[in-house]
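Below you'll find the structure, written out as structure tokens, and then a few comments.
Protein chains in written order, with UniProt numbering: chain X, 1 to 124; chain U, 1 to 124.
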């Protein structure tokens with residue numbers, strides 16, 4: 001049986017973001033027009049707050065151990081139109097308008113290759 | 001400057017999945033027809049291998065500490081058509097055909113609510 005907290009989280013109308021043991025949740029950015037997944041990264045509570053306050057996507061870098069604003073160097077920010085949350089509130093989907101290529105490689109999306117056997121093939 | 005390994009990972013043609021300190025990577029399931037994001041979860045190496053071998057999405061549950069096949073109880077499996085990988089190879093997008101509602105709540109997608117202030121609103 002589900003706990004009252006689980007029921008509230010899954011069926012309720014209150015935003016109760018659930019951060020994991022490292023204080024993070026998963027955040028996916030989707031292009032509002034093409035519906036393409038642009039990138040996925042993590043957010044801590046501070047990055048989520050910054051995102052909601054500014055309307056521009058902020059994340060937490062596990063490798064650098066700090067918050068960053070997507071586009072802070074490149075200018076390719078992600079303007080957030082809408083934030084969706086999943087059933088157990090440990091993951092977000094942001095519907096965004098990108099100011100440029102979302103990937104630091106210059107690709108529109110970070111997902112520019114598909115797996116084929118042990119290899120990778122560019123997505124047509 | 002990027003290390004040779006980073007360059008190979010980002011621009012190469014070899015699948016080199018990168019698991020984090022807990023042995024996990026992020027895996028997103030997208031409906032092949034509607035392009036809707038159905039769910040997001042984690043995979044360990046074993047779950048990824050099972051997914052690739054069977055063509056059915058498997059994940060790793062952090063709360064239960066074990067691998068699971070999506071749909072093992074409900075029958076609502078996700079048939080994997082294609083797997084895409086992101087620039088640094090620590091996240092996957094699976095293009096899938098769902099056998100039923102992807103969410104255990106009965107919703108088509110786990111992302112059935114959007115954030116509005118401190119509240120949540122069903123997605124139209």
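All C-beta atoms in this analysis are idealised placements derived from N, C-alpha and C, irrespective of residue type, glycine included. These figures come from a predicted structure and were not determined experimentally.
Same chain, Cβ closer than 8 Å to residue i, five either side skipped, listed in chain order
i	result
residue 99 of chain X	71, 75, 76, 77, 78, 79
residue 90 of chain U	17, 18, 19, 20, 25, 26
residue 2 of chain U	10
residue 123 of chain X	111, 112, 113, 114
residue 15 of chain X	85, 89
residue 55 of chain U	79, 80
Own chain partners of residue i with C-beta closer than 7 Å, once the 5 adjacent residues on each side are dropped
i	result
residue 31 of chain X	38, 96, 98
residue 60 of chain X	24, 42, 43, 44, 47, 67
residue 111 of chain X	37
residue 81 of chain X	32, 95, 96, 97
residue 83 of chain U	92, 94
Identity of the residues DSSP links to residue i by a beta bridge
i	result
residue 97 of chain X	X/79
residue 123 of chain X	Answer is none; residue 123 of chain X lacks a bridge partner.
residue 26 of chain X	X/42, X/91
residue 31 of chain U	U/96
residue 85 of chain X	X/92, U/113
residue 14 of chain X	U/119
Neighbourhood of residue i by C-beta, 6 Å cutoff - its chain only, sequence neighbours within 5 removed
i	result
residue 108 of chain X	101
residue 85 of chain U	92
residue 103 of chain X	110
residue 40 of chain X	28
residue 121 of chain X	114
residue 118 of chain U	none
Closer than 9 Å to chain A by CB, residue i
i	result
residue 43 of chain X	Here chain A cannot be found, since the structure's protein chains are X and U.
task = Run through the stretch 39–81 of chain U for me and flag every whole alpha helix (DSSP H) of 4 or more residues, listed as ranges in chain order.
result = 45–54
request  = Quick one: which residues of the stretch 65–88 of chain X get their C-beta closer than 7 Å to a C-beta of chain U? List them in chain order.
outcome  = 82, 83, 84, 85, 86, 87
inquiry  = What are the residues in the stretch 9–33 of chain X lying within 8 Å of chain U by C-beta distance?
reply    = 10, 11, 12, 13, 14, 15, 20, 26, 28, 30
query = Mind listing which residues of the stretch 108–124 of chain X have their C-beta closer than 7 Å to chain U's C-betas, in chain order?
reply = 110, 111, 113, 114, 115, 118, 119, 120, 123
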